[in-house]
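Working notes for the structure below.
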């Protein structure tokens, strides 16, 4: 199945609404999960390459994640940003739910990071620019991701970042809410404290993503999260005390950005518009790329 030529295009599905699995040619598996699988696929009529996520209803019910899936469909289906993976359509039959997604040819960013060990500062800064810009857009749309980590990020054929998993994200126009979600290494202090204090501490919405952005930047630069340890309890302690150090190879400007994001008090974390304009990121980003970021940073 040829995959080149349409990755950056938007499919023209002729206003079709009654989709079924018979409308697709199914190719190789792209990934397998607890609730289903993802396949490379192509629409029979338009010959448009997509990633087809096939989920089993019985597994979703068994895992108690129906609400999480509904949230993912509602949120991702309405987001339009070059660094957010598009969800073109969804449909279902008696036993399965099908999500028609944008195909990201280079796959999981996590695997790329594992292969490289760590990213160069130039690559880390470019990815951070794209990630920050996408988050600024999501926050503008009142969407908090809450589960930022390399495993939930994909790469397009030309290496652009794509936020992929919105299962834990929240659309929060007027209310605060929070549960213990996300990978332990990426949890901010307020979520751990909230859990330990029997949910008496409220979470400041969007600041959760700012903390995770700082952890992500550190992992890009160092190849591992800043609070990684052999036990959950130690990791909890390191996070709540914001106890981490940098390897010698990390530049002072990169350290400055990470440190300004990893603040214990949510209100002290560097806002996204200032992350986009941070000297470390601006030193590596192509000026032609700045128009997207400036749209949200203005």
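In the UniProt record's numbering, the protein residues as written are 1 to 298.
The beta-carbon is built from N, C-alpha and C at its ideal position, and this holds for glycine as well.
Restricting to runs no shorter than 3 residues, where is the beta strand (DSSP E) found entirely within the stretch 87-138? 87-92, 96-101
Count the CB pairs spanning the stretch 61-72 and the stretch 144-162 that are closer than 8 Å, and state whether there are at least three. no
State the start and end residues of the unbroken alpha helix (DSSP H) segment that holds residue 237. 232-240
Just tell me which of 48, 218, 100 has its CA closest to the CA of residue 150. 218
Quickly, what does DSSP pair residue 31 with across the bridge? List them, please. 38
Taking the alpha carbon of residue 145 as the reference point, which residue from 258, 164, 129, 250 has its own alpha carbon closest? 164
Inter-stretch contact at 8 Å, needing at least 3 Cβ pairs: the stretch 88-108 / the stretch 118-132: no
If you run the structure through DSSP and keep just helix, strand and coil, what is residue 53? strand
Residues that DSSP places opposite residue 162 in a beta bridge: 154
Please state the DSSP three-state secondary structure of residue 228. coil
Checking 9 Å against the spacing of the C-beta atoms, do residue 26 and residue 40 come in under that value? yes
Which of helix, strand or coil does DSSP assign to residue 17? coil
Do the stretch 118-126 and the stretch 269-276 touch if we need at least three Cβ pairs shorter than 8 Å? no
Inter-residue Cα distance where the pair is residue 84 and residue 32: 21 Å
Shortest alpha-carbon distance to residue 98 belongs to which of 111, 234, 221, 35? 35
Straight-line gap, residue 72 to residue 284 (C-alpha atoms, nearest Å): 33 Å
If we count Cβ pairs, one from each stretch, closer than 8 Å, do we get three or more for the stretch 206-220 versus the stretch 257-266? yes
Using alpha carbons as the reference points, say which of 79, 101, 102, 124 lies closest to residue 110. 124
Contacts around residue 207, its chain only, beta-carbon distance under 6 Å, and the 5 residues preceding and following it disregarded: 266, 269
Quick one: give me the first and last residue of the alpha helix (DSSP H) that residue 218 is part of. 207-222
Under 8 Å Cβ to Cβ from residue 228, same chain only, skipping five residues before and after it: list those, please. 185, 235
Nearest-angstrom Cα separation, counted from residue 147 out to residue 194: 17 Å
Nonlocal neighbours in the same chain, by C-beta distance under 8 Å from residue 61, ignoring five residues either side: none
Rounded to the nearest angstrom, what separates residue 17 and residue 45 at their Cα positions? 14 Å
Closest Cα partner of residue 114 within the set 222, 142, 242: 222
Whose C-beta lies closer than 7 Å to the C-beta of residue 159 among residues of the same chain, with five residues either side of it excluded? 106
Please classify residue 43: does DSSP put it in a helix, a strand, or coil? strand
What's the call for residue 243, buried or exposed, on a 16-neighbour Cβ count within 10 Å? exposed
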